[in-house]
């Protein structure tokens, strides 16, 4: 271990900043590769740092793949610096970005029209509202995450959680649907703080993966 100041703390969440990053069985460039990670993949610091072969290495549990390996510090960044600490709630693609039309303070996602596509909690929290709105959201959930933050998930086909229930980040909370004022199966997703909608980055047609960090465009929790 190095005696100098550490970039990360134990259990801190980090994400990959390179387009392809090898994580290895041990610190060092000759150690066997466990997996090649994509930009944006998220893990938790479990060990390190260790200086080897001219690089500083950290032991990371990579959450999306559930693998453990050693990765080079220069290709990692804390999600507190690079991510909002909210995850994409679905695997699919953006069909209508935030602000794409007046009053659209949300991001809409599609998943090839698949009714029932899993919808995931973007962060740990509590189900504040589980309800139905005929002229708007249809079946919808609103989760509270503390510090004034809430996320909302609209047009659901089904619910997997109850009002007042505690949920974990990445937990399936419902299925994508076409309920309420909807032009087809999709998820309408918002992030709010103290009742104010927060801008969510993303472009039309952009692919997203559930569990990956939403880019930080505001002060996240």
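Residue numbers (full-length UniProt numbering): 1 to 221.
Where a beta carbon is used, it is the ideal one built from N, C-alpha and C, also for glycine.
Going straight from the alpha carbon of residue 184 to that of residue 129, what length do you get? Residue mapping note: residue 184 aligns to position 184 of the chain shown, counting from 1. Residue mapping note: residue 129 aligns to position 129 of the chain shown, counting from 1. The straight-line gap from Cα to Cα measures roughly 23 Å.
Assuming residue 200 is part of the beta strand (DSSP E), what are its boundary residues? The residue you call residue 200 lines up with position 200 of the chain shown. Per DSSP, residue 200 lies in no beta strand (DSSP E) and is assigned neither H nor E.
Could you have a look at residue 193 and say whether DSSP puts it in helix, strand or coil? Here residue 193 refers to the residue found at position 193 when the chain shown is read from its first residue. Residue 193: strand per DSSP, three-state reduction.
Counting only the same chain and skipping the five closest in sequence on each side, list residues whose C-beta sits under 8 Å from that of residue 167. As a first step, residue 167 must be located in the chain shown, where it is residue number 167. Once the five neighbours on either side are set aside, the close Cβ partners of residue 167 are 121, 124, 125, 126, 127, 143, 161, 173.
To the nearest angstrom, how far is it from the Cα of residue 74 to the Cα of residue 179? For the purposes of this step, residue 74 is identified with residue 74 of the chain shown, where counting begins at 1. For the purposes of this step, residue 179 is identified with residue 179 of the chain shown, where counting begins at 1. Those two C-alpha atoms are separated by around 46 Å.
Considering only the alpha carbon of each residue, which of 61, 70, 42, 41 lies closest to residue 53? Stepping through the chain shown from its first residue, residue 53 is reached at position 53. Selected option, being the one with the closest Cα: 70.
What would DSSP say about residue 73, mapped onto helix, strand or coil? In the chain shown, residue 73 corresponds to position 73, counting from 1. Reduced to three states, the DSSP call for residue 73 is helix.
Residues bridged to residue 169 [DSSP beta-bridge criterion]: The sequence position of residue 169 within the chain shown is 169, counting from 1. None, per the DSSP bridge assignment.
Which residue marks the beginning of the beta strand (DSSP E) containing residue 151, and which one marks its end? Residue numbering aside, residue 151 sits at position 151 when the chain shown is read from its first letter. For residue 151, the enclosing beta strand (DSSP E) covers residues 149-159.
Who are residue 44's beta bridge partners in DSSP? Mapped onto the chain shown, residue 44 falls at position 44. Paired residues: 13, 61.
By DSSP, does residue 96 sit in helix, in strand, or in coil? Against the chain shown, residue 96 aligns to sequence position 96. Here residue 96 sits in strand by DSSP.
Exposure label - residue 132; buried when at least 16 CB within 10 Å: Start at 1 with the first residue of the chain shown, and residue 132 comes out as number 132. Classification of residue 132: exposed, given that the 10 Å Cβ count is below 16.
Could you tell me the boundaries of the beta strand (DSSP E) in which residue 101 lies? By one-based count along the chain shown, residue 101 stands at place 101. No beta strand (DSSP E) holds residue 101; DSSP gives it neither H nor E.
Chain-order list of residues whose beta-carbon lies under 6 Å from that of residue 47 (same chain, five-residue window excluded): Position 47 of the chain shown, counting from 1, holds the residue named residue 47. Same-chain partners within the cutoff: 59.
According to DSSP, is residue 68 part of a helix, a strand, or is it coil? By 1-based counting over the chain shown, the position of residue 68 is 68. Three-state result, residue 68: strand.
Are the CB atoms of residue 138 and residue 110 nearer to each other than 8 Å? Here residue 138 corresponds to residue number 138 of the chain shown, with the count starting at 1. Here residue 110 corresponds to residue number 110 of the chain shown, with the count starting at 1. Going by C-beta atoms, residue 138 is not nearer than 8 Å to residue 110.
Rounded to a whole number of angstroms, what is the C-alpha to C-alpha distance between residue 50 and residue 86? If you number the chain shown from 1, residue 50 lands on position 50. If you number the chain shown from 1, residue 86 lands on position 86. About 30 Å.
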